[in-house]
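These notes are about the structure you will find just below.
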Amino acid sequence: SGLALLEQLDLSDNAQLRAVDPATFRGLGRLHTLHLDRCGLRELGPGLFRGLAALQYLYLQDNGLQALPDDAFSDLGNLTHLFLHGNRIPSVPERAFRGLHSLDRLLLHQNRVARVHPHAFRDLGRLMTLYLFANNLSALPAEALAPLRSLQYLRLNDNPWVCDCRARPLWAWLQQFRGSSSELPCSLPARLAGRDLKRLAATDLEGCAVATLPAPPIWTGGPVHEEPLGLPKCCQPDAVDKASVLEAGRPASAGNALKGRVPPGDSPPGNRSGPRHINDSPFGTLPGSAEPPLTAVQPEGSQPPDSPTTGPRRRPGCSRKNRTRSQCRLGQAGSGGGGSGAVEGSGTPSGLACSLVPLALAPVLWTVLGRC
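The numbering of the sequence shown is this note's numbering, which starts it at 389 and goes up by one.
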């Protein structure tokens, strides 16, 4: 066409234009400046800027745009300035600025932006100026700003910032940012209202100022494959430490029924300063002055010095230290191999001594078990 060599096109201040046909700019391969500001535009039709590979300046400010469609600017690889301020854009989706690898200046101020997708600025590695002031941002993911390696000027003022746990990542990013940035006055919590988020201490950003779920933004301009806006993890009721709940619901072992309930940071189990001392006794918790466990009062010689791998047949032990197991067996053999009654009937001293072992141990066992 006769406009193939056109480099600048100014259609601004056509308030009744409202919409532009997608084929309007076909064949304008050399166009580097396009003015569409103050035209009453409410949407950007699919493929509206297709083929404008040489475009460097695009003016879309002061319209009534209500959404940023996916891949609306994907053909504008040489675009350096994009003016979108003064519209009604509620959110910045993931693919809104896909393909803008040469973008130097992005103006999104004076909109209704309440949410920026964490990957919205992924292709903007050369961006030097970003204006997001005078919007509805209460939080901004630091992940969204991470790809902006060339950023020098950042304006985020006049937003209802919530300075609680959800602002921690943004606060940390601002601490290492070496460019020029505006103040970020806090709106919530009330104790921090008016204070600059950048100048707060990390300890100020604890807890959750808003315990209610915010309304999700309106998403338009194509399919959205992402989680809806919700309450941050640090504000969710189940974000608290669940260790005690999990321990309470887990079956306790027989020998360690109480240890799992000791919270982290408390005194170790070996500390006896408390009213009760927790131990691993199979009988439960014993007083600190209790006698030694039952294994200490068992008569010597009840276990052979070298126990085989397979358990031997249980035999009654000998109560005398100077008697060997063979002597006890001799005393029992003299009674004819019978039970305790046969030993008593034999009349032999060794058999009598072995038969009285259970009677001698009974008071000791009763004393220990009585304390339990």
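By construction, the Cβ of each residue, glycine as well, lies at the ideal position given by its N, Cα and C atoms.
For Asp511, which residues in the same chain have their Cβ closer than 7 Å to its Cβ, ignoring the five residues on either side in sequence?
Phe485, Arg486, Gly487, Leu488, His489
Straight-line Cα distance separating Phe509 from Cys574:
24 Å
Under the three-state reduction of DSSP, which class applies to Pro410: helix, strand or coil?
coil
By Cβ distance, which residues of its chain are closer than 6 Å to Ala481, with the 5 residues on each side in sequence left out?
With the sequence shown as reference, residue 481 is identified as Pro, and Ala is not the correct amino acid for it. The residues are His505.
Residues near Gly439 in its chain [Cβ-Cβ closer than 8 Å; skip 5 each side]:
Phe413, Arg414, Gly415, Leu416, Gly417, Asp463
Which of the three DSSP states, helix, strand or coil, is assigned to Asn402?
coil
Here's a check: name, in chain order, each residue in its chain whose Cβ is nearer than 6 Å to the Cβ of Asn475, leaving out the five neighbours to either side.
Non-local C-beta neighbours of Asn475 in its own chain, meaning closer than 6 Å and more than five positions away in sequence, comprise Asn451, Leu453, Asn499, ordered along the chain.
Short of 6 Å in beta carbon distance, which residues of its chain neighbour Pro700, apart from the five on each side in sequence? Order them along the chain.
Any reading at Pro700 is ruled out, since the residue's pLDDT is 44, under 50, leaving its predicted position unreliable.
Should Pro434 go down as buried or exposed, given a rule of 16 or more other Cβ atoms within 10 Å for buried?
exposed
Excluding the 5 residues preceding and the 5 following Arg406 in the sequence, name in chain order all residues of the same chain whose CB lies nearer than 7 Å to its CB.
Gly428, Leu429, Arg430
Within a Cβ cutoff of 6 Å, which residues of the same chain sit near Leu558, ignoring the five residues on either side of it in sequence?
Leu528, Ala530
In the DSSP assignment, what residue or residues form a beta bridge with Arg510?
Bridge partners of Arg510: none, in fact.
Which value, in whole angstroms, describes the spacing of the CA atoms of Leu393 and Arg543?
37 Å
Please list, in chain order, all residues of the same chain as Arg583 whose beta carbon is under 6 Å from its beta carbon, the five residues on each side excluded.
Cys574
If you reduce the DSSP assignment to three classes, tell me which class Gln498 lands in.
coil
How many Å lie between Tyr447 and Leu593 at the Cα?
39 Å
What is the DSSP secondary structure of Leu588, reduced to helix, strand or coil?
coil
Test item: CB-CB of Leu436 and Pro478 under 8 Å
no
Looking at the strands, I want to know which residues DSSP matches up with Arg503.
Arg503 is bridged to Ser479.
Taking buried to mean at least 16 other C-beta atoms within 10 Å of its own C-beta, is Asp398 buried or exposed?
With fewer than 16 Cβ atoms within 10 Å of its Cβ, Asp398 is classed as exposed.
Element boundaries [alpha helix (DSSP H), containing Arg543]
In this chain, Arg543 is not harboured by any alpha helix (DSSP H); it is covered by the beta strand (DSSP E) spanning 541 to 543.
List the DSSP bridge partners of Gln396.
Thr421
Report the three-state DSSP secondary structure of Arg426 (helix, strand or coil).
coil
If you run the structure through DSSP and keep just helix, strand and coil, what is Pro557?
In this structure, DSSP gives Pro557 a helical state, which the three-state scheme calls helix.
In terms of alpha-carbon separation, which member of Glu395, Leu518, Gln396, Leu424 lies closest to Gln404?
Leu424
Alpha-carbon spacing of Ser400 relative to Leu443, whole angstroms:
17 Å
Leu533, enclosing alpha helix (DSSP H) - first and last residue
530 to 533
Shortest alpha-carbon distance to Cys551 belongs to which of Ala534, Gln540, Cys596?
Cys596
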